[in-house]
Amino acid sequence: MGTRRVLVTGCSSGIGLAVAARLAKDELRRFKVVATMRDLKKRGPLEKAAGDSLNKTLEIKELDACCEASIKECVNSLPNRRVDILVSNAGVGMIGPLECQSIAAMKELFDTNFFGLVRLVKEVLPDMKQRQSGHIVVMSSVMGIQGLLFNDVYSASKFAVEGFCESLAVQALKFNIKTTLVEPGPVMTEFERKVYEDAEMMDLSETDEETAKIFREVYLPYSKKVFTSLGQTTEEVTEQTLKVITAKDPPLRHQTNRLYTPVTALKHADPTGRLPLDTFYKMIFKHDNVLNATLGVLRMLQRKTGKKL
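Per my numbering, residue 5 is the first one in the sequence shown, and the count goes up by one each step.
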(Lines of atoms letter the chains of each structure in order from A and count residues from 1; the text may use other names and numbers.)
(Lines give C-alpha, C1' and ligand atoms only; values in the text may rest on other atoms or scores of the structure.)
Protein backbone atom coordinates (compact mmCIF):
# COMPACT_ATOMS: atom_id res chain seq x y z
CA MET A 1 0.00 0.00 0.00
CA GLY A 2 1.35 3.45 -0.95
CA THR A 3 1.30 6.69 1.00
CA ARG A 4 -2.15 7.40 2.38
CA ARG A 5 -3.56 10.89 2.77
CA VAL A 6 -4.95 11.53 6.25
CA LEU A 7 -7.24 14.48 6.96
CA VAL A 8 -7.23 15.35 10.67
CA THR A 9 -9.54 17.96 12.22
CA GLY A 10 -9.10 19.98 15.42
CA CYS A 11 -5.30 20.13 15.20
CA SER A 12 -4.61 23.40 17.03
CA SER A 13 -4.09 21.52 20.32
CA GLY A 14 -4.59 18.28 22.25
CA ILE A 15 -5.21 14.92 20.62
CA GLY A 16 -5.65 16.33 17.10
CA LEU A 17 -2.27 18.07 17.22
CA ALA A 18 -0.55 14.98 18.65
CA VAL A 19 -2.10 12.59 16.09
CA ALA A 20 -1.24 14.84 13.13
CA ALA A 21 2.38 15.30 14.24
CA ARG A 22 2.85 11.59 15.02
CA LEU A 23 1.50 10.41 11.65
CA ALA A 24 3.61 12.99 9.81
CA LYS A 25 6.74 11.68 11.57
CA ASP A 26 5.94 8.03 10.83
CA GLU A 27 9.24 6.18 10.40
CA LEU A 28 7.90 4.25 7.41
CA ARG A 29 6.55 7.46 5.80
CA ARG A 30 3.16 5.84 5.23
CA PHE A 31 1.15 9.05 5.55
CA LYS A 32 0.66 12.45 3.99
CA VAL A 33 -1.10 14.47 6.69
CA VAL A 34 -3.52 17.32 6.09
CA ALA A 35 -3.80 18.89 9.55
CA THR A 36 -6.73 21.26 9.82
CA MET A 37 -8.05 23.81 12.29
CA ARG A 38 -10.72 26.49 12.38
CA ASP A 39 -8.35 29.36 13.20
CA LEU A 40 -4.99 29.32 11.41
CA LYS A 41 -3.66 31.92 13.86
CA LYS A 42 -3.40 29.01 16.32
CA ARG A 43 -1.06 27.00 14.09
CA GLY A 44 2.11 27.79 16.09
CA PRO A 45 2.09 24.78 18.48
CA LEU A 46 1.39 22.39 15.60
CA GLU A 47 4.22 23.83 13.50
CA LYS A 48 6.56 23.37 16.46
CA ALA A 49 5.40 19.78 17.03
CA ALA A 50 5.66 18.94 13.32
CA GLY A 51 9.29 20.06 13.12
CA ASP A 52 11.04 18.90 9.94
CA SER A 53 7.90 17.20 8.66
CA LEU A 54 6.17 20.57 8.12
CA ASN A 55 5.41 21.16 4.43
CA LYS A 56 6.85 17.73 3.63
CA THR A 57 4.63 15.04 5.13
CA LEU A 58 2.38 17.54 6.91
CA GLU A 59 0.50 20.54 5.54
CA ILE A 60 -1.79 22.80 7.53
CA LYS A 61 -5.14 23.91 6.15
CA GLU A 62 -8.15 25.83 7.41
CA LEU A 63 -11.30 23.82 8.11
CA ASP A 64 -14.29 24.73 10.24
CA ALA A 65 -16.31 21.57 11.01
CA CYS A 66 -19.37 23.76 11.63
CA CYS A 67 -19.33 25.12 8.07
CA GLU A 68 -20.13 22.96 5.01
CA ALA A 69 -18.51 25.47 2.63
CA SER A 70 -15.27 25.41 4.64
CA ILE A 71 -15.14 21.61 4.58
CA LYS A 72 -15.85 21.49 0.85
CA GLU A 73 -13.19 24.12 0.12
CA CYS A 74 -10.59 22.16 2.08
CA VAL A 75 -11.41 18.81 0.43
CA ASN A 76 -11.57 20.44 -3.03
CA SER A 77 -8.04 21.77 -2.52
CA LEU A 78 -6.64 18.23 -2.25
CA PRO A 79 -5.40 16.39 -5.37
CA ASN A 80 -8.36 14.42 -6.76
CA ARG A 81 -10.19 15.28 -3.51
CA ARG A 82 -8.55 12.13 -2.15
CA VAL A 83 -8.91 11.43 1.57
CA ASP A 84 -7.83 7.88 2.43
CA ILE A 85 -8.26 8.29 6.18
CA LEU A 86 -10.48 10.81 7.94
CA VAL A 87 -9.66 11.47 11.61
CA SER A 88 -12.58 13.45 12.99
CA ASN A 89 -11.36 14.97 16.24
CA ALA A 90 -12.78 18.50 16.59
CA GLY A 91 -14.94 18.82 19.69
CA VAL A 92 -16.03 20.94 22.64
CA GLY A 93 -16.86 20.04 26.24
CA MET A 94 -19.59 20.94 28.72
CA ILE A 95 -20.07 19.96 32.35
CA GLY A 96 -22.37 21.18 35.10
CA PRO A 97 -25.95 21.00 36.35
CA LEU A 98 -28.47 20.86 33.49
CA GLU A 99 -30.43 23.84 34.80
CA CYS A 100 -27.34 26.02 34.43
CA GLN A 101 -26.79 25.21 30.74
CA SER A 102 -28.48 27.25 28.03
CA ILE A 103 -30.20 25.52 25.11
CA ALA A 104 -28.14 27.75 22.78
CA ALA A 105 -24.90 26.41 24.30
CA MET A 106 -26.17 22.83 23.99
CA LYS A 107 -27.01 23.35 20.30
CA GLU A 108 -23.55 24.84 19.73
CA LEU A 109 -21.94 21.78 21.33
CA PHE A 110 -23.98 19.39 19.16
CA ASP A 111 -23.15 21.48 16.09
CA THR A 112 -19.46 20.75 16.65
CA ASN A 113 -19.39 17.32 18.30
CA PHE A 114 -22.11 15.63 16.25
CA PHE A 115 -23.03 17.66 13.17
CA GLY A 116 -19.36 18.53 12.61
CA LEU A 117 -18.68 14.82 12.16
CA VAL A 118 -21.77 14.36 9.97
CA ARG A 119 -20.70 17.23 7.66
CA LEU A 120 -17.21 15.76 7.27
CA VAL A 121 -18.42 12.24 6.53
CA LYS A 122 -21.05 13.54 4.13
CA GLU A 123 -18.29 15.28 2.16
CA VAL A 124 -15.72 12.45 1.97
CA LEU A 125 -17.96 9.37 1.91
CA PRO A 126 -19.10 9.57 -1.76
CA ASP A 127 -15.47 9.69 -2.98
CA MET A 128 -14.51 6.81 -0.67
CA LYS A 129 -17.44 4.80 -2.03
CA GLN A 130 -16.35 5.49 -5.60
CA ARG A 131 -12.78 4.37 -4.81
CA GLN A 132 -14.06 1.40 -2.78
CA SER A 133 -11.63 2.20 0.01
CA GLY A 134 -11.22 4.42 3.04
CA HIS A 135 -11.13 4.55 6.83
CA ILE A 136 -13.26 6.86 8.97
CA VAL A 137 -11.68 7.27 12.42
CA VAL A 138 -13.72 9.17 14.99
CA MET A 139 -12.51 10.47 18.34
CA SER A 140 -15.40 9.47 20.55
CA SER A 141 -15.27 8.88 24.31
CA VAL A 142 -16.10 6.28 26.93
CA MET A 143 -18.91 8.74 27.71
CA GLY A 144 -20.43 7.68 24.41
CA ILE A 145 -20.93 4.26 26.02
CA GLN A 146 -21.62 5.13 29.65
CA GLY A 147 -23.19 8.37 30.86
CA LEU A 148 -21.52 10.26 33.69
CA LEU A 149 -22.81 12.59 36.40
CA PHE A 150 -22.99 16.27 35.29
CA ASN A 151 -21.87 15.36 31.75
CA ASP A 152 -25.45 15.02 30.46
CA VAL A 153 -25.14 17.08 27.26
CA TYR A 154 -21.55 16.17 26.37
CA SER A 155 -22.33 12.48 26.88
CA ALA A 156 -25.49 12.83 24.77
CA SER A 157 -23.41 14.23 21.88
CA LYS A 158 -21.02 11.28 22.10
CA PHE A 159 -23.90 8.80 22.27
CA ALA A 160 -25.16 10.41 19.05
CA VAL A 161 -21.71 10.02 17.48
CA GLU A 162 -21.61 6.34 18.47
CA GLY A 163 -25.10 5.64 17.09
CA PHE A 164 -24.33 7.46 13.84
CA CYS A 165 -21.08 5.55 13.26
CA GLU A 166 -22.46 2.16 14.28
CA SER A 167 -25.32 2.58 11.81
CA LEU A 168 -23.17 3.93 8.98
CA ALA A 169 -20.48 1.29 9.44
CA VAL A 170 -22.73 -1.45 8.04
CA GLN A 171 -23.30 0.42 4.78
CA ALA A 172 -19.67 1.59 4.60
CA LEU A 173 -18.39 -1.97 4.86
CA LYS A 174 -20.21 -2.85 1.65
CA PHE A 175 -17.93 -0.32 -0.08
CA ASN A 176 -14.77 -1.60 1.67
CA ILE A 177 -14.73 1.45 3.97
CA LYS A 178 -13.68 0.84 7.57
CA THR A 179 -15.13 2.75 10.54
CA THR A 180 -13.48 3.05 13.96
CA LEU A 181 -14.59 4.83 17.12
CA VAL A 182 -11.57 5.63 19.30
CA GLU A 183 -12.85 5.89 22.88
CA PRO A 184 -10.48 7.56 25.34
CA GLY A 185 -11.26 7.86 29.02
CA PRO A 186 -9.86 10.87 30.89
CA VAL A 187 -7.10 12.58 28.88
CA MET A 188 -4.84 15.27 30.31
CA THR A 189 -5.09 18.08 27.75
CA GLU A 190 -5.53 21.84 27.67
CA PHE A 191 -9.09 21.13 26.46
CA GLU A 192 -9.91 19.22 29.66
CA ARG A 193 -8.12 21.73 31.90
CA LYS A 194 -10.14 24.61 30.42
CA VAL A 195 -13.46 22.76 30.82
CA TYR A 196 -12.82 22.12 34.51
CA GLU A 197 -11.41 25.61 35.07
CA ASP A 198 -14.64 27.09 33.69
CA ALA A 199 -16.67 24.67 35.82
CA GLU A 200 -15.06 25.87 39.05
CA MET A 201 -16.14 29.44 38.26
CA MET A 202 -19.58 28.45 36.95
CA ASP A 203 -22.66 30.41 37.96
CA LEU A 204 -24.83 27.87 39.79
CA SER A 205 -27.63 30.27 40.74
CA GLU A 206 -30.12 28.53 38.40
CA THR A 207 -30.00 25.25 40.31
CA ASP A 208 -30.93 24.31 43.87
CA GLU A 209 -28.50 24.52 46.76
CA GLU A 210 -28.10 20.76 47.19
CA THR A 211 -27.26 20.17 43.50
CA ALA A 212 -24.76 23.05 43.54
CA LYS A 213 -23.13 21.53 46.62
CA ILE A 214 -22.93 18.07 45.00
CA PHE A 215 -21.31 19.62 41.91
CA ARG A 216 -18.73 21.65 43.85
CA GLU A 217 -18.00 19.36 46.80
CA VAL A 218 -18.51 15.89 45.33
CA TYR A 219 -18.25 15.89 41.53
CA LEU A 220 -15.30 18.27 40.97
CA PRO A 221 -13.03 16.65 43.62
CA TYR A 222 -14.12 13.19 42.35
CA SER A 223 -13.16 14.16 38.78
CA LYS A 224 -9.72 15.38 39.87
CA LYS A 225 -9.08 12.05 41.61
CA VAL A 226 -10.15 10.13 38.50
CA PHE A 227 -7.91 12.21 36.24
CA THR A 228 -4.96 11.75 38.60
CA SER A 229 -5.48 7.98 38.75
CA LEU A 230 -6.71 7.11 35.25
CA GLY A 231 -5.74 10.05 33.03
CA GLN A 232 -3.76 9.35 29.87
CA THR A 233 -1.47 11.70 27.98
CA THR A 234 -2.22 12.76 24.40
CA GLU A 235 0.84 10.74 23.35
CA GLU A 236 -0.64 7.55 24.81
CA VAL A 237 -3.95 8.11 23.02
CA THR A 238 -2.05 8.92 19.83
CA GLU A 239 -0.12 5.64 19.89
CA GLN A 240 -3.39 3.75 20.35
CA THR A 241 -4.88 5.67 17.41
CA LEU A 242 -1.86 4.83 15.24
CA LYS A 243 -2.38 1.12 16.00
CA VAL A 244 -5.99 1.40 14.87
CA ILE A 245 -5.08 3.24 11.67
CA THR A 246 -2.39 0.72 10.72
CA ALA A 247 -4.38 -2.39 11.71
CA LYS A 248 -5.13 -4.83 8.89
CA ASP A 249 -8.67 -5.30 10.19
CA PRO A 250 -9.46 -2.28 12.41
CA PRO A 251 -12.18 -2.65 15.06
CA LEU A 252 -15.41 -0.66 15.19
CA ARG A 253 -14.61 0.38 18.78
CA HIS A 254 -11.27 0.79 20.52
CA GLN A 255 -10.92 1.96 24.13
CA THR A 256 -7.50 3.50 24.66
CA ASN A 257 -7.36 2.98 28.44
CA ARG A 258 -7.59 -0.58 29.75
CA LEU A 259 -7.91 0.63 33.34
CA TYR A 260 -11.24 2.24 32.41
CA THR A 261 -12.66 -0.88 30.75
CA PRO A 262 -14.29 -2.33 33.92
CA VAL A 263 -16.35 0.88 34.20
CA THR A 264 -17.85 0.53 30.72
CA ALA A 265 -18.17 -3.27 31.11
CA LEU A 266 -20.77 -2.73 33.85
CA LYS A 267 -23.25 -1.55 31.24
CA HIS A 268 -23.02 -4.73 29.21
CA ALA A 269 -23.12 -6.93 32.31
CA ASP A 270 -26.72 -5.94 33.12
CA PRO A 271 -29.19 -5.21 30.29
CA THR A 272 -31.61 -3.57 32.78
CA GLY A 273 -29.11 -0.78 33.50
CA ARG A 274 -29.48 -1.17 37.26
CA LEU A 275 -25.94 -2.42 37.90
CA PRO A 276 -24.01 0.58 36.51
CA LEU A 277 -26.58 3.01 37.93
CA ASP A 278 -26.38 1.57 41.44
CA THR A 279 -22.59 1.21 41.26
CA PHE A 280 -21.97 4.83 40.28
CA TYR A 281 -24.52 6.09 42.79
CA LYS A 282 -22.94 4.18 45.66
CA MET A 283 -19.38 5.07 44.66
CA ILE A 284 -20.16 8.77 44.45
CA PHE A 285 -22.69 9.29 47.23
CA LYS A 286 -22.29 6.43 49.72
CA HIS A 287 -18.85 4.86 49.63
CA ASP A 288 -16.28 7.57 49.01
CA ASN A 289 -13.71 5.46 50.88
CA VAL A 290 -14.29 2.60 48.42
CA LEU A 291 -13.75 4.98 45.49
CA ASN A 292 -10.53 6.29 47.02
CA ALA A 293 -9.25 2.76 47.67
CA THR A 294 -10.12 1.65 44.11
CA LEU A 295 -8.37 4.65 42.57
CA GLY A 296 -5.36 3.98 44.81
CA VAL A 297 -5.10 0.43 43.47
CA LEU A 298 -5.42 1.70 39.90
CA ARG A 299 -2.63 4.22 40.54
CA MET A 300 -0.39 1.35 41.66
CA LEU A 301 -1.29 -0.71 38.58
CA GLN A 302 -0.51 2.23 36.34
CA ARG A 303 2.91 2.73 37.91
CA LYS A 304 3.71 -0.98 37.58
CA THR A 305 2.78 -1.06 33.91
CA GLY A 306 4.58 2.19 33.22
CA LYS A 307 1.31 3.49 31.77
CA LYS A 308 1.72 1.19 28.77
CA LEU A 309 -1.96 0.51 28.32
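Just so you know, even glycine gets a beta-carbon here, dropped at the ideal spot from N, CA and C.
S74 is not a Cβ neighbour of V142, given a cutoff of 7 angstroms.
According to DSSP, residue pairing for S92 in a beta bridge involves V142. Annotation for R278: the continuous alpha helix (DSSP H) segment containing it runs R278 to Y285. Annotation: M147 to T265 spans about 12 angstroms, alpha carbon to alpha carbon. For the pair S137 and N80, the CB atoms are not nearer than the 7 angstroms cut-off. Rounded to whole angstroms, the gap between the alpha carbons of K126 and E221 is 43 angstroms.
Counting C-beta atoms within 10 angstroms of its own C-beta, G120 has 16 or more neighbours from the protein chains shown and is therefore classed as buried. Non-local C-beta neighbours of F163 in its own chain, meaning closer than 7 angstroms and more than five positions away in sequence, comprise G148, ordered along the chain. The three-state reading of DSSP puts A73 in helix, counting H, G and I together. For I64, the pairing in a beta bridge is given by DSSP as A39. Within the model, the alpha-carbon separation for K133 versus I89 is close to 13 angstroms. In this structure, DSSP gives L177 a helical state, which the three-state scheme calls helix. Nearest to I19 by alpha-carbon distance, out of P225, M192 and L208, is M192. The segment 112-119 makes contact with the segment 158-177, as at least three CB pairs between them are under 8 angstroms. Secondary-structure assignment with DSSP links K182 through a beta bridge to H139. In this structure, L67 lies away from C15, with their beta-carbon atoms at least 7 angstroms apart.
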